[in-house]
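Enquirer: Residue numbers (UniProt numbering): 1 to 962.
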Amino acid sequence: MRRWGIRKKVLVVTLVPTLVTTLLLGLFFTWSWVQNINQLLDDRGESLSRQLSAAAEYGMFTSNRSLLSSLSNALLEERDVRSITFYDARKERLLHTGPASTMETPDQFPGNSSVSRWTTSGKTVFMSPVYLQDLMLDNLLDLESGTTTAPDRVEPIGWAAVEMSHVRTEKETWKALFISLLVIVAGVLLSLTIALRLSRSFTHPVFELNNAVARLKEGHLDTRVYTGAGPEFEQLESGLNAMAGELSKAQAEMQQNIDQATEDLRETLETIEIQNIELDFARKDALEASRIKSEFLANMSHEIRTPLNGIIGFTELLLKSPLQKQQAEHLNTIRKSSEILLTIINDILDFSKIEAGKLILDRVPFHLREIVEEVMVMLAPAAHGKNLDLVHLVYADVPDNMMGDPLRVKQVITNLVNNAIKFTQTGEVVLRASLEEEDPESNQVTLRISISDSGVGLSRAQQQSLFNAFSQADASTARQYGGTGLGLVISKRLVEEMGGDIGLESELGKGSTFWFTLTTELAAGTEAPLPHDALRGERVVYLEQQKTTGLAVEHILRDWGIEVTRVNSPAELIEQVADAQQNQSGYALAIVGITRHLLHSSQYRELIRGLEVDRDCRTLLLTPTLESHDTTLTGMASGHMIKPICRGPLYDELLMLVHGIDTRNRQHVPERKTGALPPPRSTTPNLPRVMAVDDNEANLKLVLTLLKDCGIPAEGAASGFEALSKARSQDFDAIFMDLQMPGMDGVETTARLRGLDNNHHRTAIIALTAHALADEQERLMQQGFDGYLVKPVNSSQLVETLTDFTGYQPPEQQETGSRSIAEFRDTRRPLRPSTRRRQKPIVDVEESIRLAAGKPDLAEELFSMLLEQLRPDQETIRARWAAEDYEAVLECVHKLHGATRYCGVPELRDASEQFETALKRRSADMESLRQNLLAAMERLDIWGDQTDWQAMFRNSDQLNPV
Numbered sequence: 001m002r003r004w005g006i007r008k009k010v011l012v013v014t015l016v017p018t019l020v021t022t023l024l025l026g027l028f029f030t031w032s033w034v035q036n037i038n039q040l041l042d043d044r045g046e047s048l049s050r051q052l053s054a055a056a057e058y059g060m061f062t063s064n065r066s067l068l069s070s071l072s073n074a075l076l077e078e079r080d081v082r083s084i085t086f087y088d089a090r091k092e093r094l095l096h097t098g099p100a101s102t103m104e105t106p107d108q109f110p111g112n113s114s115v116s117r118w119t120t121s122g123k124t125v126f127m128s129p130v131y132l133q134d135l136m137l138d139n140l141l142d143l144e145s146g147t148t149t150a151p152d153r154v155e156p157i158g159w160a161a162v163e164m165s166h167v168r169t170e171k172e173t174w175k176a177l178f179i180s181l182l183v184i185v186a187g188v189l190l191s192l193t194i195a196l197r198l199s200r201s202f203t204h205p206v207f208e209l210n211n212a213v214a215r216l217k218e219g220h221l222d223t224r225v226y227t228g229a230g231p232e233f234e235q236l237e238s239g240l241n242a243m244a245g246e247l248s249k250a251q252a253e254m255q256q257n258i259d260q261a262t263e264d265l266r267e268t269l270e271t272i273e274i275q276n277i278e279l280d281f282a283r284k285d286a287l288e289a290s291r292i293k294s295e296f297l298a299n300m301s302h303e304i305r306t307p308l309n310g311i312i313g314f315t316e317l318l319l320k321s322p323l324q325k326q327q328a329e330h331l332n333t334i335r336k337s338s339e340i341l342l343t344i345i346n347d348i349l350d351f352s353k354i355e356a357g358k359l360i361l362d363r364v365p366f367h368l369r370e371i372v373e374e375v376m377v378m379l380a381p382a383a384h385g386k387n388l389d390l391v392h393l394v395y396a397d398v399p400d401n402m403m404g405d406p407l408r409v410k411q412v413i414t415n416l417v418n419n420a421i422k423f424t425q426t427g428e429v430v431l432r433a434s435l436e437e438e439d440p441e442s443n444q445v446t447l448r449i450s451i452s453d454s455g456v457g458l459s460r461a462q463q464q465s466l467f468n469a470f471s472q473a474d475a476s477t478a479r480q481y482g483g484t485g486l487g488l489v490i491s492k493r494l495v496e497e498m499g500g501d502i503g504l505e506s507e508l509g510k511g512s513t514f515w516f517t518l519t520t521e522l523a524a525g526t527e528a529p530l531p532h533d534a535l536r537g538e539r540v541v542y543l544e545q546q547k548t549t550g551l552a553v554e555h556i557l558r559d560w561g562i563e564v565t566r567v568n569s570p571a572e573l574i575e576q577v578a579d580a581q582q583n584q585s586g587y588a589l590a591i592v593g594i595t596r597h598l599l600h601s602s603q604y605r606e607l608i609r610g611l612e613v614d615r616d617c618r619t620l621l622l623t624p625t626l627e628s629h630d631t632t633l634t635g636m637a638s639g640h641m642i643k644p645i646c647r648g649p650l651y652d653e654l655l656m657l658v659h660g661i662d663t664r665n666r667q668h669v670p671e672r673k674t675g676a677l678p679p680p681r682s683t684t685p686n687l688p689r690v691m692a693v694d695d696n697e698a699n700l701k702l703v704l705t706l707l708k709d710c711g712i713p714a715e716g717a718a719s720g721f722e723a724l725s726k727a728r729s730q731d732f733d734a735i736f737m738d739l740q741m742p743g744m745d746g747v748e749t750t751a752r753l754r755g756l757d758n759n760h761h762r763t764a765i766i767a768l769t770a771h772a773l774a775d776e777q778e779r780l781m782q783q784g785f786d787g788y789l790v791k792p793v794n795s796s797q798l799v800e801t802l803t804d805f806t807g808y809q810p811p812e813q814q815e816t817g818s819r820s821i822a823e824f825r826d827t828r829r830p831l832r833p834s835t836r837r838r839q840k841p842i843v844d845v846e847e848s849i850r851l852a853a854g855k856p857d858l859a860e861e862l863f864s865m866l867l868e869q870l871r872p873d874q875e876t877i878r879a880r881w882a883a884e885d886y887e888a889v890l891e892c893v894h895k896l897h898g899a900t901r902y903c904g905v906p907e908l909r910d911a912s913e914q915f916e917t918a919l920k921r922r923s924a925d926m927e928s929l930r931q932n933l934l935a936a937m938e939r940l941d942i943w944g945d946q947t948d949w950q951a952m953f954r955n956s957d958q959l960n961p962v
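#1: How many Å lie between LEU598 and MET641 at the Cα?
#2: Would you call the segment 264 to 273 and the segment 310 to 329 in contact, with 3 or more CB pairs under 8 Å?
#3: Kindly list the residues whose CB is nearer than 6 Å to the CB of VAL12, restricted to its own chain and excluding five residues on each side of it in sequence; keep chain order.
#4: Label SER321 either buried or exposed according to how many other C-beta atoms from any shown protein chain fall within 10 Å of its C-beta, with 16 as the threshold for buried.
#5: Who are the Cβ neighbours of ALA475 in its own chain at under 6 Å, not counting the five residues just before and after it?
#6: Is VAL790 near the ligand ATP - that is, is its Cβ less than 6 Å away from at least one heavy atom of it?
#7: Less than 8 Å between the CB atoms is what I'm expecting for ARG909 and THR900, so what's the real figure, rounded?
#8: Assuming LEU518 contacts VAL409 (C-beta within less than 8 Å), just tell me the rounded distance between them.
#9: For TRP159, does the three-state DSSP call read helix, strand or coil?
#10: Kindly indicate the opening and closing residues of the alpha helix (DSSP H) around ASN932.
#11: Can you give me the C-alpha to C-alpha distance between VAL790 and LEU349, rounded to a whole angstrom?
#12: Which one of VAL412, LEU543, LYS386, HIS600 has the shortest CA to CA distance from residue 967?
#13: Short check: CB of ARG82 to CB of GLY59, under 7 Å?
#14: Can you tell me whether DSSP reads GLU92 as helix, strand or coil?
#15: For VAL372, I'd like the list of residues in its chain whose CB is within less than 7 Å of its CB, leaving aside the five on either flank, ordered along the chain.
#16: Give me whichever residues DSSP pairs with ASN758 in a beta bridge.
#17: Taking Cβ positions, are LEU940 and CYS903 nearer each other than 7 Å?
#18: Report yes if the CB atom of ILE311 is closer than 7 Å to the CB atom of SER338, and no otherwise.
#19: Taking the alpha-carbon of MET243 as reference, which of ARG215, LYS386, LEU265, THR268 has the nearest alpha-carbon?
#20: How would you label PHE953, buried or exposed, when you count the other beta carbons within 10 angstroms and need 16 or more for buried?
#21: Can you tell me whether DSSP reads ASP453 as helix, strand or coil?
#22: Ordered along the chain, which non-local residues of its own chain (more than five positions away) have a Cβ less than 8 Å from that of GLU907?
#23: Quick one: is TRP174 buried, meaning 16 or more other Cβ sit within 10 Å of its Cβ, or exposed?
#24: With distance defined between alpha-carbon atoms, name the residue in ALA767, ASN418, SER569, SER238 nearest to PHE514.
#25: My guess is that GLY487 and ASN583 are in contact by the Cβ rule of under 8 Å, so how many angstroms apart are they, rounded?
#26: Using a Cβ-Cβ cutoff of less than 6 Å, which residues in the same chain neighbour LEU867 once the five nearest sequence positions on both sides are dropped?
#27: Measure the C-alpha to C-alpha separation of GLN740 and ALA552 and round it to an integer number of angstroms.
#28: If you pair each beta-carbon of the segment 756 to 767 with each one of the segment 643 to 654, do three or more pairs fall below 8 Å?
#29: With DSSP as the reference, label TYR604 as helix, strand or coil.
#30: Would you say THR548 and GLU374 are within 7 Å of each other, going by their C-beta atoms?
#31: Quick check on DSSP: helix, strand or coil for ALA692?
#32: On the DSSP letters alone, give me the boundaries of the alpha helix (DSSP H) that VAL394 sits inside.
#33: What three-state label does DSSP hand ALA242 in the structure shown?
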């Protein structure tokens with residue numbers, strides 16, 4: 001009803017009550033009328049039936065049909081009486097008057113003076129009994145009551161039936177219905193007429209007002225409305241007419257304002273046109289200024305890096321020469337200051353790249369774990385110099401094969417970790433990499449990398465300005481720690497360019513957590529990581545002083561399926577190893593992690609000696625970055641690694657210590673720089689012919705010196721003209737070309753040198769550039785260069801570049817290959833696995849003295865003779881066994897067994913006795929017993945090297961077997 005119009009609502013409100021009332025009244029009166037007609041018929045039928053039964057008593061009693069017929073004929077004259085029928089006492093039809101009756105004889109006849117009736121189609125039959133009461137004597141007359149009563153148990157002598165017709169009743173009924181219908185229709189029509197007039201009188205003014213509003217909406221503001229419909233509408237009319245007048249007046253004023261605004265706008269456009277011309281000139285000036293700024297930055301980069309190249313290069317050369325301690329310290333200060341200045345220059349140039357929109361991100365496959373480990377290894381010395389625990393935790397669900405720009409990812413991680421180290425004095429710096437979101441359909445993942453520290457923390461005000469350019473949290477930190485304040489803003493821009501977010505969580509005095517997200521696709525077609533199943537099921541005991549480092553190493557070991565037992569002290573470690581060997585299930589390795597202040601600890605020295613010598617348990621020592629004098633413990637352990645621990649080197653070291661598998665001597669193939677052309681020459685049998693071109697005397701001398709230190713004689717040229725002249729006189733395999741030179745620059749010189757190339761010879765030309773602002777790499781490749789190096793350069797970069805483009809390796813590199821520092825340990829004997837079961841003492845000095853008749857000097861001499869014979873006997877046993885000369889092996893073992901009988905060496909004595917018996921019997925376990933004998937000989941040899949046994953024999957008052 002809410003969407004009905006006013007007219008419809010008025011009609012409904014008017015017609016519905018009237019129609020309902022009229023219908024109800026018409027139905028009520030029609031029903032009453034019909035009921036009265038039917039009731040009247042019933043009353044007349046009963047009355048006539050009673051009268052007939054009273055009048056027919058005599059005739060029925062005397063069976064006088066004439067009398068009954070006369071009564072019937074007289075009664076047929078009544079209206080609605082159709083026929084009369086008499087029945088005798090036997091309920092048989094006695095007389096019927098009227099039309100032929102279709103009424104059947106009833107099954108039951110009424111008694112007790114009651115009148116019964118039944119209705120059939122179009123008629124109603126009334127039947128009453130006939131008694132003899134009216135013919136009795138006077139004594140049957142009740143004079144007091146004036147009524148006659150029939151004696152009890154008087155049976156009727158017959159019955160009289162009167163058949164009444166419904167024809168007239170039905171006519172009266174239809175008449176009543178017709179009259180009622182006429183009355184109802186008349187009432188509805190009257191109500192409809194009244195409702196239509198009322199609705200028209202109400203809706204007509206509304207329609208006129210609506211039309212007037214529509215005309216006003218169309219803009220006919222001269223529209224006025226006069227309905228004359230009453231005072232209420234008159235108020236509405238006056239308000240609408242007044243509004244129309246106000247709108248007309250407002251339109252006139254608005255038109256006037258529009259005309260005025262149009263005139264003002266015309267004047268403004270003329271002013272804007274003049275300003276646009278001025279802005280165009282200003283834009284050209286700004287572009288010119290930007291170009292000048294870019295050139296200025298490029299020139300400044302070259303001019304600053306050129307002397308820095310000489311300063312850093314010659315400083316490193318001087319540090320390699322013999323110097324006094326104070327001179328070395330001064331040179332280290334110069335080198336560090338130069339590196340700080342170089343870092344500042346790099347930050348400014350990176351920021352300029354970003355601001356100029358010239359930063360181009362690479363999209364190549366890379367391994368996140370390798371990048372993290374490279375950053376942590378690179379920054380470890382700075383952290384360890386402050387006694388900080390530097391740890392990285394890359395969780396197992398983080399994928400390793402990704403697509404993106406590895407250099408920029410490494411730059412962001414390096415910046416954040418370096419800041420954390422810089423502003424943390426005590427505690428730890430922890431990098432965590434976790435998987436935040438994974439979408440298998442798009443093959444994308446979102447990683448979260450966070451760097452937490454226990455440093456000074458930041459207040460809310462400092463956090464708000466932290467990512468602004470050239471700003472730091474505290475201005476005083478710039479003086480204390482250095483820097484430009486560009487590191488975080490560069491990191492923020494780089495992360496945003498890679499589609500991620502960066503932020504921090506910090507509280508003043510409680511450290512900070514910098515985090516950033518990295519959304520990247522997984523690299524398709526990359527090689528699956530090699531399985532690390534060779535160590536699955538091995539048992540390792542681990543002692544670590546730094547909690548977070550211990551958690552990281554334990555996480556790596558358990559990921560490889562290694563069972564790790566953590567201990568809290570050296571005493572507990574020795575106890576665990578002893579209990580395990582006692583239960584015949586010793587540990588494959590003991591890992592000992594220490595801090596810098598424990599490097600010279602006598603307790604840990606005795607711990608490693610007890611593990612390596614006494615318990616024959618291989619030990620892997622984890623230390624911070626070592627100085628030249630921190631070598632006391634590292635020479636005692638079987639293995640040594642520098643924290644933070646990297647997965648690959650750790651796995652290789654464990655394979656070496658547990659199974660004796662050396663996987664580290666692999667051929668090193670240096671990776672080519674992105675964008676460099678293939679090496680022009682794949683083979684260089686002799687020393688490569690190299691020329692360096694630079695107009696700066698210091699830089700030229702530095703490059704020549706670095707090449708000379710690598711064993712490569714090179715020629716120098718101070719200009720492009722000189723380089724071109726020397727290239728025409730002889731062929732060069734590689735030329736290091738400076739870009740900015742007076743007269744003929746490096747680009748022009750390279751173009752002319754390319755004219756000297758032919759099908760048989762092509763010179764590799766590598767640019768030496770200090771200009772790092774624009775996208776130099778692609779442009780240099782297009783200008784004829786094969787690669788480029790950014791100043792300052794060092795000897796390793798030069799050697800790597802020569803290896804890339806000439807295939808040459810210096811002799812020292814060919815000898816060492818990619819061997820790690822750990823491989824330069826004492827390699828007099830190969831590593832063997834740890835002893836897993838309890839063994840007898842290696843040496844019992846007290847027993848030796850007892851076997852030498854109580855003479856310590858004799859016991860010492862016998863033991864010395866045994867030690868001198870161990871290594872020759874080992875070589876003899878191995879050689880003769882390989883030649884299957886078992887008799888010679890038996891002879892050597894027999895002599896050894898005899899020597900052990902006069903010395904307190906219980907383990908070697910039992911091993912030699914068992915092997916000698918097996919040799920004599922040619923038993924099947926000879927090989928295992930031979931290995932046991934050789935292991936016992938090696939343990940005794942190591943014990944003799946690392947123990948002052950002469951003093952033990954000479955001070956033999958208090959001795960315990962070892």
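Each residue gets a CB set at the ideal place from its N, CA and C atoms; glycine is no exception.
Expert: The structure says:
#1: Taking the sequence shown and counting its residues from 1, the one referred to as residue 598 is at position 598. Taking the sequence shown and counting its residues from 1, the one referred to as residue 641 is at position 641. The alpha-carbon atoms of LEU598 and MET641 are separated by roughly 15 Å.
#2: no
#3: In the sequence shown, counting from the first residue as 1, residue 12 sits at position 12. So no residue of the chain qualifies.
#4: Along the sequence shown, read from residue 1 onward, the residue named residue 321 stands at position 321. So SER321 counts as exposed.
#5: Counted from its first residue, the sequence shown places residue 475 at position 475. Residue placement at ALA475 is flagged as unreliable, the pLDDT there being 44, under the threshold of 50; the coordinate-derived value follows with that caveat. Hits under 6 Å: none found.
#6: With respect to the ligand ATP, the structure offers nothing, as it holds no ligand at all.
#7: Along the sequence shown, read from residue 1 onward, the residue named residue 909 stands at position 909. Along the sequence shown, read from residue 1 onward, the residue named residue 900 stands at position 900. Their Cβ separation, rounded to whole angstroms, is 4 Å, which keeps ARG909 and THR900 in contact under 8 Å.
#8: Translated into positions along the sequence shown, residue 518 becomes position 518. Translated into positions along the sequence shown, residue 409 becomes position 409. Right, their Cβ atoms sit about 7 Å apart.
#9: Residue 159 sits at position 159 when you count from the first residue of the sequence shown. TRP159 falls in the strand class under three-state DSSP.
#10: Taking the first residue of the sequence shown as position 1, residue 932 is located at position 932. Run containing ASN932: 926 to 946, per the alpha helix (DSSP H) assignment.
#11: As a working note, residue 790 is residue 790 in the sequence shown. As a working note, residue 349 is residue 349 in the sequence shown. If I take the Cα positions, the gap works out to 13 Å.
#12: Outside the shown range of the chain, which is 1 to 962, sits residue 967, and nothing can be said about it.
#13: Within the sequence shown, residue 82 is the residue found at index 82, counting from 1. Within the sequence shown, residue 59 is the residue found at index 59, counting from 1. No, they are not a contact pair.
#14: Taking the sequence shown and counting its residues from 1, the one referred to as residue 92 is at position 92. Note: GLU92 maps to coil in three-state DSSP.
#15: For this step, residue 372 is matched to residue 372 along the sequence shown. Result list for VAL372: HIS392, VAL394, ILE413, LEU431, ALA433, in chain order.
#16: For the purposes of this step, residue 758 is taken as residue 758 along the sequence shown, with counting starting at 1. Paired residue(s): HIS761.
#17: Here the question's residue 940 lines up with position 940 in the sequence shown. Here the question's residue 903 lines up with position 903 in the sequence shown. No, they are not a contact pair.
#18: Residue mapping note: residue 311 aligns to position 311 of the sequence shown, counting from 1. Residue mapping note: residue 338 aligns to position 338 of the sequence shown, counting from 1. Result yes, Cβ atoms of ILE311 and SER338 sit closer than 7 Å.
#19: By one-based count along the sequence shown, residue 243 stands at place 243. For the residues ARG215, LYS386, LEU265, THR268, the minimum Cα distance to MET243 belongs to ARG215.
#20: Position 953 of the sequence shown, counted from the start, is the residue given in the question as residue 953. PHE953 should be labelled buried.
#21: Indexing the sequence shown from 1 puts residue 453 at position 453. In this structure, ASP453 counts as strand in the three-state DSSP scheme.
#22: Taking the first residue of the sequence shown as position 1, residue 907 is located at position 907. If we look at GLU907 and ignore the five residues flanking it on each side, its Cβ neighbours are GLN839, LYS840, PRO841, ILE842, ALA936, ARG939, LEU940.
#23: Here residue 174 is taken as the residue at index 174 of the sequence shown, counted from 1. It counts as exposed.
#24: Your numbering for residue 514 matches position 514 in the sequence shown. Of ALA767, ASN418, SER569, SER238, the residue nearest in Cα terms is ASN418.
#25: As a first step, residue 487 is located in the sequence shown; it is residue number 487 there, counting from the start. As a first step, residue 583 is located in the sequence shown; it is residue number 583 there, counting from the start. Contact flag wrong, Cβ pair sits at about 55 Å.
#26: Residue 867 sits at position 867 when you count from the first residue of the sequence shown. The residues are GLY944.
#27: Taking the first residue of the sequence shown as 1, we reach residue 740 at position 740. Taking the first residue of the sequence shown as 1, we reach residue 552 at position 552. Their backbone Cα atoms lie some 49 Å apart in a straight line.
#28: no
#29: Here the question's residue 604 lines up with position 604 in the sequence shown. In the structure shown, TYR604 sits in a helix (DSSP, three-state: H, G or I).
#30: Counting from one through the sequence shown, the residue named residue 548 turns up at place 548. Counting from one through the sequence shown, the residue named residue 374 turns up at place 374. No, the Cβ-Cβ distance between THR548 and GLU374 is not below 7 Å.
#31: As a first step, residue 692 must be located in the sequence shown, where it is residue number 692. Reduced to three states, the DSSP call for ALA692 is strand.
#32: Within the sequence shown, residue 394 is the residue found at index 394, counting from 1. Unbroken run through VAL394 is the beta strand (DSSP E), 389 to 394; no alpha helix (DSSP H).
#33: Mapped onto the sequence shown, residue 242 falls at position 242. DSSP places ALA242 in helix when its eight states are reduced to three.
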